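For reference, each letter of the sequence shown is one residue, going -19 to -1, 1 to 279 in mature numbering (1 follows the signal peptide of the UniProt record, and there is no 0). So the structure is just underneath, and the comments pick up after that.
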Amino acid sequence: MKLTLLSFFLISFIHFSHSIPEKFTSIFSFGDSLTDTGNFLLSGALTFPSISQLPYGMTYFHRPTGRCSDGRLVVDFLAESQGLPFLPPYLASNQTFQQGVNFAVAGATAMNPEVLHDMGISRYIWTNYSLSTQLRWFDELKPSLCKTTQECSEYFKKSLFLVGEIGGNDYNYAFFSGKTAAEVTAFVPKVVQAIAEAIQVSKEVLVKRGATTLLVPGNLPVGCSSAYLTLFATEEKEEYDVRNGCLKKLNAFARYHNELLQLAMEQLRKKYPKARIIYADYYTAALRFAHAPGHFGE
(Lines of atoms letter the chains of each structure in order from A and count residues from 1; the text may use other names and numbers.)
(Lines give C-alpha, C1' and ligand atoms only; values in the text may rest on other atoms or scores of the structure.)
Protein backbone atom coordinates (compact mmCIF):
# COMPACT_ATOMS: atom_id res chain seq x y z
CA MET A 1 0.00 0.00 0.00
CA LYS A 2 1.46 3.33 -1.05
CA LEU A 3 1.67 5.89 1.71
CA THR A 4 2.48 9.49 0.84
CA LEU A 5 4.50 11.88 2.93
CA LEU A 6 1.58 14.23 3.43
CA SER A 7 -0.83 11.54 4.57
CA PHE A 8 1.77 10.26 7.00
CA PHE A 9 1.90 13.72 8.58
CA LEU A 10 -1.58 13.05 9.89
CA ILE A 11 0.10 11.09 12.67
CA SER A 12 1.04 14.50 14.06
CA PHE A 13 -2.65 15.24 14.65
CA ILE A 14 -3.60 12.03 16.45
CA HIS A 15 -2.25 13.23 19.80
CA PHE A 16 -4.66 16.14 20.03
CA SER A 17 -7.73 14.57 18.41
CA HIS A 18 -8.59 12.48 21.47
CA SER A 19 -8.77 15.57 23.71
CA ILE A 20 -11.36 17.35 21.54
CA PRO A 21 -14.90 16.34 22.55
CA GLU A 22 -16.58 17.29 19.26
CA LYS A 23 -15.66 17.71 15.64
CA PHE A 24 -14.67 21.14 14.42
CA THR A 25 -17.26 22.96 12.32
CA SER A 26 -14.73 25.22 10.61
CA ILE A 27 -10.99 25.42 9.93
CA PHE A 28 -8.89 28.51 9.29
CA SER A 29 -5.47 27.89 7.82
CA PHE A 30 -2.38 30.11 7.58
CA GLY A 31 1.01 29.24 6.13
CA ASP A 32 3.01 28.64 2.97
CA SER A 33 3.22 26.07 0.15
CA LEU A 34 2.68 23.15 2.53
CA THR A 35 -0.83 24.49 3.12
CA ASP A 36 -1.75 26.76 0.18
CA THR A 37 -4.80 25.48 -1.73
CA GLY A 38 -4.70 28.11 -4.46
CA ASN A 39 -3.96 31.62 -3.21
CA PHE A 40 -0.52 31.84 -4.82
CA LEU A 41 -1.91 30.79 -8.19
CA LEU A 42 -4.82 33.21 -7.89
CA SER A 43 -2.45 36.04 -6.98
CA GLY A 44 -0.64 35.68 -10.31
CA ALA A 45 2.13 33.15 -9.62
CA LEU A 46 4.43 34.92 -12.07
CA THR A 47 7.53 33.57 -10.34
CA PHE A 48 6.35 29.97 -10.47
CA PRO A 49 3.93 29.55 -13.40
CA SER A 50 4.35 25.77 -13.63
CA ILE A 51 2.09 25.38 -10.59
CA SER A 52 -0.80 25.89 -13.01
CA GLN A 53 0.18 22.84 -15.07
CA LEU A 54 0.39 19.08 -14.67
CA PRO A 55 1.84 17.12 -12.90
CA TYR A 56 0.50 19.41 -10.17
CA GLY A 57 -2.83 17.97 -9.05
CA MET A 58 -2.65 14.89 -11.26
CA THR A 59 -3.15 12.09 -8.73
CA TYR A 60 -6.31 13.20 -6.91
CA PHE A 61 -7.92 16.24 -8.52
CA HIS A 62 -6.68 15.30 -12.01
CA ARG A 63 -6.05 18.97 -12.71
CA PRO A 64 -3.90 21.75 -11.24
CA THR A 65 -5.60 23.42 -8.26
CA GLY A 66 -2.86 25.73 -7.05
CA ARG A 67 -1.54 23.20 -4.55
CA CYS A 68 2.22 22.58 -4.59
CA SER A 69 1.55 18.86 -4.75
CA ASP A 70 0.38 16.21 -7.17
CA GLY A 71 -2.48 15.47 -4.76
CA ARG A 72 -3.89 16.56 -1.42
CA LEU A 73 -2.19 18.45 1.40
CA VAL A 74 -2.24 17.89 5.16
CA VAL A 75 -4.95 20.53 5.51
CA ASP A 76 -7.10 18.60 3.02
CA PHE A 77 -6.83 15.38 5.02
CA LEU A 78 -7.51 17.32 8.19
CA ALA A 79 -10.70 18.82 6.72
CA GLU A 80 -11.84 15.39 5.54
CA SER A 81 -11.27 13.94 9.01
CA GLN A 82 -13.67 16.54 10.40
CA GLY A 83 -16.32 15.97 7.73
CA LEU A 84 -15.62 19.39 6.20
CA PRO A 85 -15.14 20.36 2.56
CA PHE A 86 -11.69 21.26 1.29
CA LEU A 87 -10.87 24.80 2.39
CA PRO A 88 -11.35 27.34 -0.39
CA PRO A 89 -8.48 29.80 -0.91
CA TYR A 90 -9.24 33.27 0.42
CA LEU A 91 -8.56 34.92 -2.94
CA ALA A 92 -11.13 32.75 -4.73
CA SER A 93 -14.34 34.43 -5.84
CA ASN A 94 -17.89 33.18 -5.27
CA GLN A 95 -16.93 31.01 -2.29
CA THR A 96 -18.63 30.34 1.03
CA PHE A 97 -16.25 30.65 3.98
CA GLN A 98 -18.58 29.69 6.84
CA GLN A 99 -16.93 26.26 7.19
CA GLY A 100 -13.44 27.67 6.91
CA VAL A 101 -10.98 29.31 4.57
CA ASN A 102 -7.34 28.95 3.61
CA PHE A 103 -5.20 32.08 3.86
CA ALA A 104 -1.89 30.30 3.18
CA VAL A 105 0.24 31.44 0.23
CA ALA A 106 3.11 29.50 -1.31
CA GLY A 107 6.37 31.28 -0.62
CA ALA A 108 4.96 33.20 2.36
CA THR A 109 7.25 34.19 5.21
CA ALA A 110 6.75 34.56 8.95
CA MET A 111 8.53 37.91 8.97
CA ASN A 112 7.42 40.78 6.77
CA PRO A 113 9.32 41.05 3.45
CA GLU A 114 10.43 44.55 4.43
CA VAL A 115 12.24 43.13 7.46
CA LEU A 116 13.96 40.52 5.31
CA HIS A 117 14.93 43.18 2.78
CA ASP A 118 16.56 45.25 5.52
CA MET A 119 18.56 42.14 6.43
CA GLY A 120 19.82 41.87 2.86
CA ILE A 121 17.40 39.09 1.91
CA SER A 122 15.20 39.96 -1.05
CA ARG A 123 16.45 38.35 -4.23
CA TYR A 124 14.43 35.14 -4.18
CA ILE A 125 11.25 36.18 -2.37
CA TRP A 126 8.23 34.86 -4.30
CA THR A 127 5.42 36.80 -2.66
CA ASN A 128 4.65 39.70 -0.35
CA TYR A 129 1.76 37.83 1.31
CA SER A 130 3.46 37.21 4.64
CA LEU A 131 1.85 35.86 7.81
CA SER A 132 0.84 39.37 8.90
CA THR A 133 -0.99 39.86 5.58
CA GLN A 134 -2.83 36.59 6.06
CA LEU A 135 -3.89 37.68 9.55
CA ARG A 136 -5.17 40.95 8.10
CA TRP A 137 -7.25 38.99 5.61
CA PHE A 138 -8.73 37.01 8.47
CA ASP A 139 -9.51 40.21 10.37
CA GLU A 140 -11.32 41.58 7.32
CA LEU A 141 -13.34 38.38 6.95
CA LYS A 142 -14.44 38.03 10.58
CA PRO A 143 -17.50 40.33 10.41
CA SER A 144 -19.03 38.08 7.76
CA LEU A 145 -18.65 34.98 9.94
CA CYS A 146 -20.52 36.09 13.05
CA LYS A 147 -22.19 39.22 14.39
CA THR A 148 -22.87 39.28 18.13
CA THR A 149 -20.45 38.45 20.94
CA GLN A 150 -22.46 35.36 21.85
CA GLU A 151 -22.67 34.18 18.25
CA CYS A 152 -18.93 34.62 17.76
CA SER A 153 -18.19 32.84 21.03
CA GLU A 154 -20.12 29.76 19.95
CA TYR A 155 -18.69 29.85 16.44
CA PHE A 156 -15.01 30.09 17.35
CA LYS A 157 -15.27 27.50 20.12
CA LYS A 158 -15.77 24.95 17.36
CA SER A 159 -13.09 26.30 15.02
CA LEU A 160 -9.59 24.98 14.43
CA PHE A 161 -6.77 27.34 13.49
CA LEU A 162 -3.84 25.79 11.64
CA VAL A 163 -0.91 28.20 11.88
CA GLY A 164 1.85 26.88 9.67
CA GLU A 165 4.09 25.40 8.82
CA ILE A 166 5.51 28.92 8.46
CA GLY A 167 9.04 30.27 8.76
CA GLY A 168 10.73 27.81 6.46
CA ASN A 169 10.77 30.30 3.60
CA ASP A 170 12.44 32.94 5.75
CA TYR A 171 15.36 30.53 5.99
CA ASN A 172 15.12 29.36 2.38
CA TYR A 173 15.40 32.88 1.04
CA ALA A 174 18.31 33.61 3.38
CA PHE A 175 20.28 30.51 2.42
CA PHE A 176 19.59 30.95 -1.29
CA SER A 177 20.74 34.58 -1.00
CA GLY A 178 24.13 33.37 0.19
CA LYS A 179 23.76 33.82 3.94
CA THR A 180 25.88 31.48 6.03
CA ALA A 181 24.42 28.96 8.47
CA ALA A 182 25.65 31.11 11.36
CA GLU A 183 23.96 34.21 9.94
CA VAL A 184 20.66 32.42 9.41
CA THR A 185 20.79 30.77 12.84
CA ALA A 186 21.18 34.21 14.39
CA PHE A 187 17.74 35.32 13.25
CA VAL A 188 15.82 32.15 14.16
CA PRO A 189 14.54 33.88 17.35
CA LYS A 190 13.10 36.67 15.18
CA VAL A 191 11.24 34.18 13.00
CA VAL A 192 9.85 32.36 16.04
CA GLN A 193 8.89 35.68 17.58
CA ALA A 194 6.94 36.59 14.44
CA ILE A 195 5.02 33.31 14.65
CA ALA A 196 4.37 33.73 18.38
CA GLU A 197 3.18 37.30 17.87
CA ALA A 198 0.82 36.15 15.15
CA ILE A 199 -0.65 33.53 17.48
CA GLN A 200 -0.91 36.11 20.23
CA VAL A 201 -2.64 38.63 17.98
CA SER A 202 -5.12 35.93 16.98
CA LYS A 203 -5.77 34.96 20.58
CA GLU A 204 -6.15 38.54 21.80
CA VAL A 205 -9.06 38.85 19.39
CA LEU A 206 -10.51 35.37 19.54
CA VAL A 207 -10.20 34.49 23.22
CA LYS A 208 -12.79 37.17 23.94
CA ARG A 209 -15.21 35.29 21.68
CA GLY A 210 -14.63 31.81 23.07
CA ALA A 211 -11.78 29.35 23.57
CA THR A 212 -10.21 28.25 20.31
CA THR A 213 -7.80 25.54 19.25
CA LEU A 214 -4.58 26.36 17.44
CA LEU A 215 -2.39 23.73 15.80
CA VAL A 216 1.15 24.95 15.11
CA PRO A 217 3.45 22.71 13.03
CA GLY A 218 7.22 22.90 13.33
CA ASN A 219 9.86 23.00 10.62
CA LEU A 220 10.86 20.04 8.44
CA PRO A 221 14.27 18.30 8.49
CA VAL A 222 15.71 20.58 5.81
CA GLY A 223 19.00 18.68 5.85
CA CYS A 224 17.15 15.92 3.98
CA SER A 225 15.84 18.27 1.29
CA SER A 226 17.22 17.69 -2.20
CA ALA A 227 17.62 21.44 -2.67
CA TYR A 228 19.81 21.76 0.41
CA LEU A 229 21.67 18.54 -0.29
CA THR A 230 22.59 20.08 -3.66
CA LEU A 231 23.32 23.59 -2.38
CA PHE A 232 25.52 22.37 0.48
CA ALA A 233 27.01 19.27 -1.16
CA THR A 234 30.41 18.40 0.26
CA GLU A 235 33.06 15.70 0.05
CA GLU A 236 33.32 15.68 3.86
CA LYS A 237 31.54 12.45 4.79
CA GLU A 238 31.25 13.43 8.44
CA GLU A 239 28.81 16.19 7.43
CA TYR A 240 26.21 13.56 6.54
CA ASP A 241 24.10 11.43 8.88
CA VAL A 242 25.10 7.82 8.21
CA ARG A 243 21.54 6.67 8.95
CA ASN A 244 19.85 8.65 6.20
CA GLY A 245 22.35 10.71 4.19
CA CYS A 246 20.93 14.01 5.45
CA LEU A 247 23.10 17.00 6.33
CA LYS A 248 23.52 16.95 10.10
CA LYS A 249 24.10 20.66 10.65
CA LEU A 250 21.02 21.69 8.71
CA ASN A 251 18.83 19.25 10.59
CA ALA A 252 20.28 20.57 13.84
CA PHE A 253 19.29 24.03 12.60
CA ALA A 254 15.70 22.85 12.01
CA ARG A 255 15.57 21.31 15.49
CA TYR A 256 16.77 24.60 16.97
CA HIS A 257 13.87 26.42 15.30
CA ASN A 258 11.43 23.80 16.60
CA GLU A 259 12.81 23.97 20.14
CA LEU A 260 12.41 27.75 20.25
CA LEU A 261 8.94 27.48 18.75
CA GLN A 262 7.85 25.01 21.42
CA LEU A 263 9.23 27.24 24.17
CA ALA A 264 7.29 30.18 22.74
CA MET A 265 4.13 28.08 22.62
CA GLU A 266 4.58 27.08 26.25
CA GLN A 267 4.67 30.75 27.21
CA LEU A 268 1.49 31.36 25.23
CA ARG A 269 -0.23 28.45 26.98
CA LYS A 270 0.55 30.06 30.33
CA LYS A 271 -0.87 33.36 29.13
CA TYR A 272 -4.00 31.73 27.67
CA PRO A 273 -4.70 28.71 29.91
CA LYS A 274 -8.18 28.16 28.45
CA ALA A 275 -6.91 27.91 24.90
CA ARG A 276 -5.56 24.78 23.24
CA ILE A 277 -2.23 25.59 21.57
CA ILE A 278 -0.82 22.37 20.16
CA TYR A 279 2.50 21.62 18.49
CA ALA A 280 2.51 19.33 15.42
CA ASP A 281 5.81 17.51 14.99
CA TYR A 282 6.36 17.55 11.22
CA TYR A 283 10.11 17.06 11.74
CA THR A 284 9.91 13.59 13.27
CA ALA A 285 7.19 12.44 10.88
CA ALA A 286 9.20 13.45 7.82
CA LEU A 287 12.49 12.11 9.18
CA ARG A 288 11.04 8.60 9.30
CA PHE A 289 10.88 8.63 5.52
CA ALA A 290 14.56 9.47 5.30
CA HIS A 291 15.43 6.69 7.76
CA ALA A 292 13.42 3.97 6.02
CA PRO A 293 11.98 5.10 2.67
CA GLY A 294 11.30 1.53 1.59
CA HIS A 295 8.68 1.15 4.31
CA PHE A 296 6.41 3.75 2.78
CA GLY A 297 5.89 2.66 -0.80
CA GLU A 298 7.51 3.65 -4.04
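Built from N, CA and C at the ideal position, the CB exists for glycine as well. On a predicted model such as this, the values are computed, not experimentally measured, just so you know.
Item, Value
"Determine whether the beta carbon atoms of Pro66 and Thr18 lie at a separation below 7 Å.", "no"
"My understanding is that Gly145 touches Ile176, with C-beta atoms under 8 Å, so please give their C-beta distance in whole angstroms.", "7 Å"
"So, are the CB atoms of Leu231 and Gly204 less than 7 Å apart?", "yes"
"From the DSSP output, read off the bridge partner residues of Thr194.", "Leu141 and Arg257"
"Taking C-beta to C-beta, are Ile102 and Ala163 nearer than 7 Å?", "no"
"Lys138: which of His272, Ala273, Ala271 and Thr6 sits nearest, CA to CA?", "Thr6"
"Going by the DSSP bridge assignment, what does Gly81 pair with across the sheet?", "Ile8"
"From Thr166 to Phe234, what does the alpha carbon distance come to, in whole angstroms?", "7 Å"
"For His238, which residues from the same chain have a beta carbon less than 6 Å from its beta carbon, with the 5 sequence-adjacent residues on both sides left out?", "Val169 and Asn200"
"Pull up the distance between the alpha-carbon of Thr46 and that of Gly38, whole angstroms please.", "6 Å"
"Evaluate the contact criterion for the stretch 92 to 100 versus the stretch 42 to 57: three or more CB pairs, one atom per stretch, below 8 Å.", "no"
"Given 8 Å as the limit, is there contact between the stretch 47 to 64 and the stretch 105 to 112, that is, 3 or more CB pairs closer than that?", "no"
"State buried or exposed for Gly226, treating a residue as buried only when at least 16 other CB atoms are found within 10 Å of its CB.", "exposed"
"Can you find at least 3 beta carbon pairs, one from the stretch 240 to 253 and one from the stretch 206 to 222, that sit closer than 8 Å?", "no"
"Report the residue from Phe84, Gln80 and Val173 whose alpha carbon sits nearest the alpha carbon of Ala73.", "Phe84"
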